[in-house]
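Please read the structure below before turning to the comments.
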Amino acid sequence: EAYQTLKSPLKRATYLCQLHGVDLQVESNTSMSHAFLMQQMEWRESLEGAKATADMATLESLEGELRVVRNAEVARIAALLDANAYQDAAEAVRQLMFLEKFGEEVAASIDLVS
């Protein structure tokens, strides 16, 4: 279990925040930046449109975009943790949780369309 925690950037960041006394409050704190919320809505609209039309090119493009954004978020979390900015890291972890879950939805949609 310890290996799995260290292997996963999301689990590792969650653990480090909790280790330093920061509760992620996943169930009760869903606040995110306005820009990130707008991006979520755009991604969801894109996903729904691509699913409705079985548009594999759009689904694959969305998957690639999410991969880039996820990698950038992992790097941002690492920098925040290195700077001992655990509250900010906790917010970034919540965003990463969305990215992970939404990425799974996109992958499932690709599987259905292909």
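At position 17 of the sequence shown the residue is numbered 21 (the working numbering), and the sequence of numbers has no breaks. Cβ coordinates follow ideal geometry from the N, Cα and C atoms, glycine included.
Check	Outcome
Taking Val110 and Leu66 to be in contact with their CB atoms under 8 Å, please state how far apart those CB atoms are, rounded to whole angstroms.	6 Å
What are the boundary residues of the alpha helix (DSSP H) that includes Ala112?	90-117
Taking all protein chains shown into account, do 16 or more other C-beta atoms lie within 10 angstroms of the C-beta of Arg74, making it buried, or fewer, making it exposed?	buried
Assign Val30 to buried or exposed, taking buried as 16 or more other Cβ atoms, counted over all protein chains shown, within 10 Å of its Cβ.	exposed
Do Leu23 and Leu70 come within 8 Å of each other at the CB atom, strictly closer than that value?	no
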